[in-house]
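Residue numbers (our numbering): 63 to 354.
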Amino acid sequence: MQKFLKNGCEICPDVGFLPQIRLRQECFRTGQGGDWREIPLLTRFIDIMAAIFLLFTRMNRLRLAALLIFAGTLSACQLGHDSPVERGRASFQAYKCTKCHTVNGEGGVLGPDLTFVGFRKSSDFLERWLINPQAWKPHVSMPNFYLREAVRKDIVAYLATLQGDFYIREGRPWDAPQFAGDSVKRGGEIYSRVGCITCHGKGGVGGYPNNNVVGGEIPKISTVKDTYSRDELIARIAKGVRHSVKADPAGPDPLLYMPRWEAKLKQEEIEAVAAYLLSLDDHGVEEKAEEW
Numbered sequence: 063m064q065k066f067l068k069n070g071c072e073i074c075p076d077v078g079f080l081p082q083i084r085l086r087q088e089c090f091r092t093g094q095g096g097d098w099r100e101i102p103l104l105t106r107f108i109d110i111m112a113a114i115f116l117l118f119t120r121m122n123r124l125r126l127a128a129l130l131i132f133a134g135t136l137s138a139c140q141l142g143h144d145s146p147v148e149r150g151r152a153s154f155q156a157y158k159c160t161k162c163h164t165v166n167g168e169g170g171v172l173g174p175d176l177t178f179v180g181f182r183k184s185s186d187f188l189e190r191w192l193i194n195p196q197a198w199k200p201h202v203s204m205p206n207f208y209l210r211e212a213v214r215k216d217i218v219a220y221l222a223t224l225q226g227d228f229y230i231r232e233g234r235p236w237d238a239p240q241f242a243g244d245s246v247k248r249g250g251e252i253y254s255r256v257g258c259i260t261c262h263g264k265g266g267v268g269g270y271p272n273n274n275v276v277g278g279e280i281p282k283i284s285t286v287k288d289t290y291s292r293d294e295l296i297a298r299i300a301k302g303v304r305h306s307v308k309a310d311p312a313g314p315d316p317l318l319y320m321p322r323w324e325a326k327l328k329q330e331e332i333e334a335v336a337a338y339l340l341s342l343d344d345h346g347v348e349e350k351a352e353e354w
C-alpha cells in the first residue's frame, strides 16, 4: 500500500496516460479506434487542427481545406521518417518507463538499471518480456502495458541500442569516490549497475526463470566460492556463458544467457565483480531476483 501511495499515480498507465478528451477516453478504454499514445505527433496534429478550425470558422472553405491538407501531409512525412529506434525511444518516454528505470544515469531506481539492457538481454527475450512480464515471471512488479505489436517492436529496437556506452563514455558510476579502495563494494555496484542482479538476484540468490534449463531457473551464485577459484571465476565472467545446458536437448535455446563481459568491462572491473561474488554468504539471503 505504501509503495502504491508513493508511486502508483505516477506510473499507473490507466491514470498517467488517459487523454483529456472524453471521446478519446472512451476509445482508449474500449480499445476502439487504436491507441492514441502510439502516434503522439498525430494526436498533437489533430488537436492543433481542431483549434485552427474553431479559430477560422469563417475562413473561406477552400483556403481552410488547403491548410489542413498541407499540415496533414507535413505531419505524415514526419511520422514516415521516424526510425523504429526513434519511435521506440518516444514510446519509452511516453509510457514513463524512467519513473522506475535508470537509463544512462537518469531515472528511477524501483526497477533495474537499463543502461546495459541491450547488451545483456537479446531482442527475442525483450520481445517476450514486453508481451506480458507476468507470463515470464509471475508476481513481478512490472505491469503489463498491453502494448500493440508495432509499439512493442519499436521499444525493443530502442532497448537493443542500450549497450552501456553512456557509462563507458561519460563516466562509470562505480568509479565514484565512495567505492575507491574497496573492491568488494565496487564490485557490488558494478554487479547492480550492469545488470547481473537482474538474473542472478540480490546477493546472488538466483531464482530468475529461464526457459529449457534444468530446474527452470537461473541457479544461485551466492556459494560460488565453493565451486570456483578466483581465477576461474574471473575467466567465467570475462568469457560469459552464451549457451546454457538445455534441459531438453531437442528443445529451444534458453533465451537468457551470460554475455561476454570482457567486451564492456575492464579487467580490474571484472576482478572487482569476482571479489564481490567471493564475499557472498548464502546465509540469511532470501530475496530472489527481481526484473521489472
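Built from N, CA and C at the ideal position, the CB exists for glycine as well. This structure is a prediction, so every number in the text was calculated from the model and none was measured.
In whole angstroms, give me the CA-to-CA distance for residue i and residue j.
i, j, result
"ASP344", "SER284", "5 Å"
"GLY268", "GLN240", "27 Å"
"GLY38", "ALA197", "The chain is shown from 63 up to 354; residue 38 falls before or after that span and cannot be answered."
"GLU294", "ILE280", "19 Å"
"GLY313", "ALA238", "45 Å"
"ARG151", "CYS159", "10 Å"
"ILE296", "ASP144", "42 Å"
"LYS247", "ALA334", "8 Å"
"TYR220", "VAL147", "4 Å"
"VAL213", "ALA156", "11 Å"
"GLY170", "CYS162", "4 Å"
"GLU324", "LEU188", "23 Å"
"MET204", "ARG298", "31 Å"
"PRO15", "ARG231", "Any answer about residue 15 is impossible in this case: the structure gives the chain only from 63 up to 354."
"GLY180", "ASN166", "12 Å"
"GLY265", "GLU211", "36 Å"
"LYS326", "CYS261", "18 Å"
"PRO195", "LYS282", "21 Å"
"TYR253", "SER341", "13 Å"
"ILE193", "ASP175", "20 Å"
"GLY263", "VAL286", "14 Å"
"TRP236", "ALA309", "37 Å"
"TYR229", "GLU251", "13 Å"
"CYS258", "LYS199", "17 Å"
Where does residue i land, buried or exposed, given buried means 16+ other C-beta within 10 angstroms?
i, result
"ASN206", "exposed"
"TYR208", "exposed"
"VAL276", "exposed"
"ASP216", "buried"
"ARG304", "exposed"
"GLY243", "exposed"
"LYS183", "buried"
"THR177", "buried"
"PRO271", "buried"
"GLY173", "buried"
"ARG149", "buried"
"ALA337", "buried"
"VAL307", "exposed"
"SER291", "exposed"
"THR223", "exposed"
"SER153", "buried"
"HIS201", "exposed"
"GLY249", "buried"
"GLU168", "exposed"
Can you tell which of the options has its C-alpha closest to the C-alpha of residue i?
i, options, result
"GLY226", "THR164, GLN196, GLY250", "THR164"
"PRO311", "SER203, ALA238, ASN274, MET320", "ASN274"
"LYS301", "THR289, ARG322, ARG292, LEU317", "ARG322"
"VAL218", "PRO195, GLU211, SER185, ARG248", "SER185"
"THR358", "TYR270, LEU339, ILE252, LYS247", "In the structure displayed, the chain extends from 63 to 354; residue 358 sits before or after that span and is not available."
"SER245", "HIS201, GLN329, GLY170, ILE230", "GLN329"
"VAL256", "MET320, LEU342, ARG149, PRO316", "MET320"
"GLU331", "ARG234, GLU168, ARG210, MET204", "ARG234"
"TRP191", "LEU318, SER341, LEU342, LYS326", "LEU318"
Problem - In chain order, each alpha helix (DSSP H) run of at least 4 residues that lies wholly inside the segment 259 to 338 - result: 259 to 262, 292 to 301
Practice task
Go through the segment 199 to 223 residue by residue and report every complete run of the alpha helix (DSSP H) that reaches 4 residues or more, in order.
Solution key: Segments of the alpha helix (DSSP H) lying fully in the segment 199 to 223: 211 to 221.
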